[in-house]
Every structure is written in C-alpha cells, then in structure tokens.
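Trainee: In my numbering, the protein residues as written are 41 to 517.
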C-alpha cells in the first residue's frame with residue numbers, strides 16, 4: 041500500500057508566478073500583466089506610478105510571507121529554472137532583472153558591489169538564492185540595501201548552508217539593521233568570511249554584534265570603519281580570549297582608546313588561533329602599546345600586526361619591541377604614521393642584532409621622516425638576520441630638501457624686494473623697519489649663512505652669492 045503525502049498549501053501569488061500568470065495580488069487591482077516573453081518582464085504603459093507602488097508593496101507582503109519550506113517533496117524551487125524564477129519575481133516586483141545575477145546564478149560567486157541595489161532588489165535576489173546550492177560567495181558591498189534590505193537578506197542567510205563568504209560593507213545598515221545582522225550571525229553556522237565594515241555601527245551596536253558571534257564559525261571578520269569604542273573593545277577582548285576559530289580580524293578605523301584597547305590586548309594574550317589583526321587608525325597610545333607588547337611576549341600564534349596611526353610614541357614603541365625577546369611567531373609589524381624617532385628606532389634595531397633566533401621578516405615604519413643614519417642600523421640587522429627587511433620613510437637621500445631657515449629668510453627678502461621694487465642695499469639700510477616677516481632665529485641663521493668668510497660681517501659679494509644660490513634653488517624646485 042503506497043503512502044499518501046499531504047499536499048502543502050500553495051500561496052496564490054507564488055502559483056501565479058509559477059504559471060507565468062498575473063499574480064493574485066495584482067488581480068485584486070485589476071491589472072492584467074502580460075506573460076513573460078523570453079525572460080523579460082512586460083509592463084502596461086498605462087499603469088500609474090501610484091498603482092505601481094501599491095502593486096509593489098502588496099507583492100512585497102505576499103513574497104515576504106511566503107513559506108519557503110512549503111515546497112514539493114523533491115526540494116526543488118518553485119521553478120525548474122533558477123533564471124526564470126528570478127525574472128518572474130522581478131516581473132512581479134516591477135523591477136528590471138540584473139544581468140549579473142542571471143549570469144552568476146549557476147556559478148559559485150555573485151558580485152554586485154557598487155551596483156546600486158536597494159531593498160527591493162535584495163528581496164528578488166533572496167528568492168533566487170533560497171534553494172541555490174552553487175553560490176558560496178555573495179558580495180553586496182557599496183549598495184544601499186539599508187536595514188530593510190538586510191531584513192530580507194536575513195531570511196535567506198539564517199538557513200543558508202551554501203553561502204560561506206558574505207560582504208555587505210558600505211550599505212548604510214546602521215543601528216536599525218543590527219537586529220537582523222544579529223539573527224544572521226547567531227543562527228548561521230556556515231559563514232566563514234564576513235565583511236560588515238563601514239556600516240555606521242556605534243559602540244552599543246558593536247557590543248550586540250560581538251555577543252551574537254559567541255558560537256560562530258567565522259574565520260575572517262572585518263569590522264573596520266565603524267564607530268566602535270571602549271564598550272565594544274571590552275566585548276571584543278573577552279570574545280577573543282575564548283574564540284577558537286578566528287584567523288583574521290580587521291578593527292581599523294574605529295574609536296578604540298584606553299580601556300577598549302587594553303581589553304583587546306588582553307584578548308590577544310589569551311588567544312591561540314588568531315594569525316592576523318589590523319588595529320590601524322585607532323588610539324591605542326602608550327598604554328595600549330605597552331600592554332600589546334606584554335601580550336605578544338605571551339602569544340605564539342599571531343603573525344601580522346598593523347598598528348599604523350595609533351599615537352604611539354618613542355618610549356611605547358621601544359617597550360613594544362621588547363616582546364621580540366620572547367615572541368617567535370610575529371613576522372610582520374606595520375607601525376608607520378606614529379611618533380617614532382630615529383633614536384628610538386635605532387635602539388630597537390640594535391636590540392634586534394642581539395636576538396637569536398629572530399623571526400620578524402618585515403618592520404614597516406613608512407610615512408615617518410628619519411635621519412639618513414638609520415640606513416646603517418638597518419644594514420647591521422640584515423647582516424645578522426638576512427630575512428629581515430625594514431620598509432622606512434623619507435631618509436633625505438634624494439634632492440628633496442627639508443626646511444632651511446636661512447634659505448627661507450632669503451626667499452622672503454627676494455619676494456619683498458620684487459614686490460616693493462627696492463634693491464638689496466636699500467633694503468638692508470632700513471631692514472629693522474621694513475616689516476619683513478623674519479624671526480630672530482631666521483636672522484641669526486641668515487647671518488651665519490651669508491657670512492662666507494667667517495669675519496662676522498656680510499659684504500656685498502657674499503650677499504649676491506647667497507641670493508644667486510637661492511634663486512637657482514627655486515628654479516630647480
């Protein structure tokens with residue numbers, strides 16, 4: 041005896057889409073849509089904007105209330121062809137199907153970055169992907185899906201088992217969309233790489249997001265370019281201490297300061313899985329850098345650390361570098377755009393020459409002006425540790441010149457003479473009352489610069505020679 045199965049109840053609007061007929065909702069408004077021709081939706085030209093809005097809103101409600109699980113026993117989607125499904129839904133929503141989606145549905149990746157997608161476009165996309173098992177990477181960065189678009193997306197991602205790589209950065213999600221993102225992160229155990237950067241999340245939002253990650257399997261997370269502060273930093277520190285999956289974390293361009301920074305450092309201390317962390321453009325300062333040095337002395341896993349632009353001074357930098365006496369894992373330290381002096385860097389490089397074994401391969405101190413003498417210190421380290429490389433800033437080896445007070449003073453004088461049509465001799469006759477903006481330090485430097493023979497006096501020939509040299513300098517600059 042063959043068992044009979046109960047036929048699931050179909051939504052009238054979905055049945056209408058399946059049969060390429062006008063939807064149930066649209067029939068209520070007496071709109072006789074033409075059937076789809078070659079996958080392109082045809083819309084009556086006499087339909088008013090107000091009526092289109094009513095149709096779209098009601099179709100939204102019908103589609104959103106549809107139960108995806110009420111499909112046939114074979115688990116197929118409501119159409120045998122994924123592209124036809126997508127076109128049908130776009131037809132019903134009165135939007136133009138996206139050609140990239142149509143081409144990408146059979147592949148493993150859909151990239152719609154900077155495409156201008158809104159929440160309506162996301163609704164159509166979620167239907168097309170609901171039973172799709174080929175797409176594993178979804179890039180929706182740089183659109184305008186907002187919180188309502190994320191609500192549609194959460195319905196898909198809460199149960200999706202195929203999508204592992206998700207990028208929804210730069211989408212104006214904000215605090216209103218955090219609850220939907222929480223649902224995704226709490227319920228989905230298949231996401232591995234998640235980018236939610238630049239979405240205007242504040243400090244309280246950050247706490248909620250981190251709490252939703254407690255049992256996640258995410259290995260790569262990007263939270264950069266938001267407004268996460270001390271509260272989020274404390275939550276992140278506790279999360280890192282217990283996390284056993286995360287490999288790469290980007291927290292750059294946030295508002296982490298003292299308490300938050302120290303808490304993150306403590307989390308790094310106890311973490312045994314994280315290999316790369318980006319903390320650039322925050323405010324770790326001396327307190328954070330010193331705590332990070334202690335954490336790195338204990339951590340044996342982290343391989344790359346980015347601390348650019350974190351208000352780290354010479355003493356804090358030296359304190360951080362002491363970690364290399366015990367650390368054997370960190371290979372790349374990026375710490376440019378901080379207040380690191382030539383003397384402090386030379387002291388750190390001297391320390392490196394005494395360490396063996398030594399595992400650091402790259403020290404990036406770019407965007408910091410250093411004295412040329414640092415070159416010899418770098419070479420001393422490379423002679424002992426051939427794999428070491430230091431990416432440094434301006435060493436003043438080129439023709440590019442730094443500020444010279446005497447040259448600047450002469451330029452001021454030249455400009456004054458040209459503007460007021462006076463000679464140098466007439467100028468010096470009334471120099472004290474001329475009003476030229478030269479400081480006392482510049483006057484002293486100017487005298488020393490022009491007094492070529494060192495007799496304590498400036499004769500006319502010395503003045504002309506000095507003027508000629510500055511003129512040539514201006515022509516070549």
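Quick reminder that beta carbons are idealized off the backbone N, C-alpha and C, glycines included.
None of the values given here were measured: they were computed from a predicted structure.
Any idea what DSSP makes of residue 405, helix, strand or coil?
Mentor: Correct three-state label for residue 405: strand.
Trainee: Does the Cβ-Cβ distance between residue 122 and residue 137 come in under 9 Å?
Mentor: No, Cβ-Cβ distance for residue 122 and residue 137 is not below 9 Å.
Trainee: Let me see if you follow: with CB-CB separation under 9 Å, is residue 164 close to chain B or not?
Mentor: Among the protein chains of the structure shown there is no chain B, as only one such chain exists.
Trainee: Check residue 395 in the structure and name its three-state DSSP category.
Mentor: Reduced to three states, the DSSP call for residue 395 is coil.
Trainee: With residue 191 as the anchor, note down where its beta strand (DSSP E) starts and where it stops.
Mentor: Here residue 191 belongs to no beta strand (DSSP E); instead the alpha helix (DSSP H) covers 186–197.
Trainee: For the pair the region 327–341 and the region 280–293, tell me if three or more CB-CB distances fall below 8 Å.
Mentor: No: the two stretches stay apart, fewer than three of their Cβ pairs being nearer than 8 Å.
Trainee: Give me the residue from 316, 315, 417, 346 with the minimum Cα distance to residue 324.
Mentor: Here the closest residue by C-alpha is 346.
Trainee: Is residue 425 helix, strand or coil when you go by DSSP?
Mentor: It is coil, neither helix nor strand.
Trainee: By the three-class DSSP mapping on this structure, what secondary structure does residue 138 have?
Mentor: Note: residue 138 maps to coil in three-state DSSP.
Trainee: What three-state label does DSSP hand residue 111 in the structure shown?
Mentor: Any reading at residue 111 must be qualified, since the residue scores a pLDDT of 42, below 50, and its modelled position is unreliable; the value itself is stated next. Note: residue 111 maps to coil in three-state DSSP.
Trainee: Ignoring anything shorter than 3 residues, give me the beta strand (DSSP E) runs that lie fully in the region 208–261, in order along the chain.
Mentor: The qualifying runs are 233–235.
Trainee: So residue 200 packs on residue 239, CB below 8 Å; how close in whole Å?
Mentor: So it is not a contact: roughly 20 Å between Cβ atoms.
Trainee: Quick one, which of 395, 168, 312 has its alpha-carbon nearest residue 131's?
Mentor: With distances taken between Cα atoms, residue 131 lies closest to 168.
Trainee: Taking the beta carbon of residue 228 as the centre, do at least 16 other beta carbons fall within 10 Å, making it buried, or is it exposed?
Mentor: By the 10 Å Cβ count, residue 228 comes out buried.
Trainee: Quick one: grab the DSSP three-state call for residue 359.
Mentor: Looking at residue 359 - three-state DSSP - the assignment turns out to be helix.
Trainee: Please list, in chain order, all residues of the same chain as residue 333 whose beta carbon is under 8 Å from its beta carbon, the five residues on each side excluded.
Mentor: Excluding positions up to five away in sequence, the list reads 359, 360, 361, 362, 363.
Trainee: To test your reading of the DSSP string, which unbroken beta strand (DSSP E) runs of 3 or more residues are found completely within the region 307–356?
Mentor: Counting whole runs of 3 or more residues, the region 307–356 contains the beta strand (DSSP E) stretches 316–318, 344–346.
Trainee: Kindly list the residues whose CB is nearer than 6 Å to the CB of residue 288, restricted to its own chain and excluding five residues on each side of it in sequence; keep chain order.
Mentor: Within the same chain, residue 288 has close Cβ partners 260, 316.
Trainee: Following the continuous alpha helix (DSSP H) through residue 282, name the residue where it begins and the one where it ends.
Mentor: Note, residue 282: alpha helix (DSSP H), 270–282.
Trainee: Cutting at 7 Å between CB atoms, please list the residues of its own chain near residue 384, excluding the five before and the five after it.
Mentor: Closer than 7 Å at Cβ, skipping near neighbours: 354, 357, 358.
Trainee: Going by beta-carbon coordinates alone, are residue 263 and residue 242 separated by less than 9 Å?
Mentor: No, the pair does not count as a contact, with Cβ atoms beyond the cut-off.
Trainee: So for residue 518, helix, strand or coil by DSSP?
Mentor: One cannot answer for residue 518 here, as it falls past the ends of the chain, which runs 41 to 517.
Trainee: Excluding the 5 residues flanking residue 163 on each side, which residues of the same chain have their C-beta closer than 6 Å to its C-beta?
Mentor: 192, listed in sequence order.
Trainee: DSSP puts residue 290 in a beta bridge; with which residues?
Mentor: DSSP, once it has assigned bridges, lists 262, 318 as partnering residue 290.
Trainee: If you draw a straight line from the alpha carbon of residue 398 to that of residue 250, how long is it in whole angstroms?
Mentor: Their Cα atoms are separated by approximately 35 Å.
Trainee: Measuring CB to CB, does residue 379 end up less than 9 Å from residue 352?
Mentor: Yes, the pair counts as a contact, with Cβ atoms nearer than the cut-off.
Trainee: Relative to the C-alpha of residue 266, which residue among 252, 306, 313, 218 is closest?
Mentor: Among 252, 306, 313, 218, the Cα nearest to that of residue 266 belongs to 218.
Trainee: Spatial neighbours of residue 382 within its chain, please: C-beta separation below 8 Å, excluding the five flanking residues on both sides.
Mentor: So the qualifying residues of the chain are 410, 411, 413, 414.
Trainee: Within the continuous beta strand (DSSP E) that includes residue 150, where are the two ends?
Mentor: Residue 150 -> beta strand (DSSP E) spans 149–151.
Trainee: Have a look at residue 126 and residue 134 and give me their C-alpha separation to the nearest angstrom.
Mentor: Cα to Cα, the separation comes out at about 12 Å.
Trainee: Once DSSP output is grouped into helix, strand and coil, what is the label at residue 129?
Mentor: Helix.
Trainee: Is the distance from the Cβ of residue 542 to the Cβ of residue 303 below 9 Å?
Mentor: Any answer about residue 542 is impossible in this case: the structure gives the chain only from 41 up to 517.
Trainee: Out of 393, 198, 308, which one is the CA nearest neighbour of residue 329?
Mentor: Taking only the C-alpha atoms, the option nearest residue 329 is 308.
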